[in-house]
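Chemist: Following this message is one structure expressed as structure tokens.
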């Protein structure tokens, strides 16, 4: 019986000691990273973006598995971006509709997603958060597509599907450089 109590207690002590030791290193490395990243371009802050070709014409597909087929988009800042969303799923719009919402840099995704879930009357585009949105497509059902054109300044922009529950897995980044 004593052994059963001792093992979890030992595991807890080891876990706490390991976490405490990393805090100091994490804080100092975070400070160094912050100083180093201030001179970086937006492309250097997004892992994997170096493997994405620059193009200002993109097609993104949304499917019944709540996935976008493209999660990284790289564009030339200051030039029109033509972005097409296609819903390649077969489930009805009422249960598996998709849109693509480009958000301004720094928008809190969970807050925006919560507001969007309550905006069914406006295709899940919250009127209270219009200042957070750069552009968006219509809400699409199976086999539908919509095209938007927008010019982005240099920066990193999140994009999501704002249909309730989708933004957590249907998201990506646009890097304008």
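In mature numbering (1 follows the signal peptide of the UniProt record, and there is no 0), the protein residues as written are -20 to -1, 1 to 157. Even glycine gets a Cβ: it sits at the ideal position worked out from N, Cα and C. Since the model is a prediction, treat every value here as computed from it, not as a measurement.
(1) Could you check the C-alpha separation between residue 111 and residue 71 for me, to the nearest Å?
(2) Using a Cβ-Cβ cut-off of 6 Å (strictly less than) and excluding sequence neighbours within five positions of residue 148, which residues of its own chain qualify?
(3) Let me know the secondary structure DSSP gives residue 126 once reduced to three states.
(4) Could you check whether residue 50 and residue 125 sit closer than 8 Å to each other, using their CB atoms as the reference points?
(5) Whole angstroms are fine: how far does the CA of residue 37 sit from the CA of residue 54?
(6) When you compare the segment 134 to 147 with the segment 101 to 108, are there three or more beta-carbon pairs, one atom per stretch, that lie closer than 8 Å?
(7) Quick check on this structure: which residue in 91, 33, 122 has the alpha carbon closest to the alpha carbon of residue 45?
(8) Within its chain, find whatever has a CB closer than 7 Å to the CB of residue 108; leave out the 5 residues flanking it on each side and keep chain order.
(9) Can you name, in chain order, every residue of its own chain whose Cβ lies under 8 Å from the Cβ of residue 116, other than the five neighbours on each side?
(10) Less than 6 Å between C-beta atoms, sequence neighbours within five positions excluded: which residues of the same chain meet that for residue 131?
(11) Residue 90: which of 150, 155, 32, 58 sits nearest, CA to CA?
(12) Between residue 67 and residue 52, what straight-line distance do the alpha-carbon atoms span, to the nearest angstrom?
(13) Could you give the distance in angstroms between the alpha-carbon of residue 87 and the alpha-carbon of residue 118?
(14) Fully enclosed by the segment 68 to 100, which beta strand (DSSP E) runs are 3 residues long or longer?
(15) Compare the Cα-Cα distances from residue 24 to each of 152, 139, 135 and report the closest residue.
Modeler: Let me lay it out:
(1) In the chain shown, the residue the question calls residue 111 occupies position 131. In the chain shown, the residue the question calls residue 71 occupies position 91. Roughly 31 Å separates the two Cα atoms.
(2) Taking the first residue of the chain shown as 1, we reach residue 148 at position 168. Counting only Cβ-Cβ distances below 6 Å, and skipping sequence neighbours, we find nothing.
(3) One-based indexing of the chain shown puts residue 126 at position 146. Strand.
(4) The count along the chain shown starts at 1 and reaches residue 125 at position 145. The count along the chain shown starts at 1 and reaches residue 50 at position 70. Not a contact, by the Cβ cut-off of 8 Å.
(5) Residue numbering aside, residue 54 sits at position 74 when the chain shown is read from its first letter. Residue numbering aside, residue 37 sits at position 57 when the chain shown is read from its first letter. Distance between the alpha carbons of residue 54 and residue 37 is about 10 Å.
(6) yes
(7) For the purposes of this step, residue 45 is identified with residue 65 of the chain shown, where counting begins at 1. When only C-alpha atoms are compared, the closest one is 122.
(8) For the purposes of this step, residue 108 is identified with residue 128 of the chain shown, where counting begins at 1. For residue 108, where only same-chain residues beyond five positions count, the Cβ hits under 7 Å are 95.
(9) Taking the chain shown and counting its residues from 1, one reaches residue 116 at position 136. The answer, listed in chain order, is 79, 80, 81, 82, 105, 128, 142.
(10) In the chain shown, counting from the first residue as 1, residue 131 sits at position 151. Excluding residues within five positions, the ones whose Cβ falls inside 6 Å are 60.
(11) By one-based count along the chain shown, residue 90 stands at place 110. Per the Cα distances, 150.
(12) Taking the chain shown and counting its residues from 1, one reaches residue 67 at position 87. Taking the chain shown and counting its residues from 1, one reaches residue 52 at position 72. Residue 67 and residue 52: Cα-Cα distance of roughly 18 Å.
(13) Translated into the one-based positions of the chain shown, residue 87 becomes position 107. Translated into the one-based positions of the chain shown, residue 118 becomes position 138. Cα-Cα distance, rounded: 20 Å.
(14) 81 to 83
(15) Within the chain shown, the letter at position 44 stands for residue 24. Out of 152, 139, 135, 135 has the C-alpha closest to the C-alpha of residue 24.
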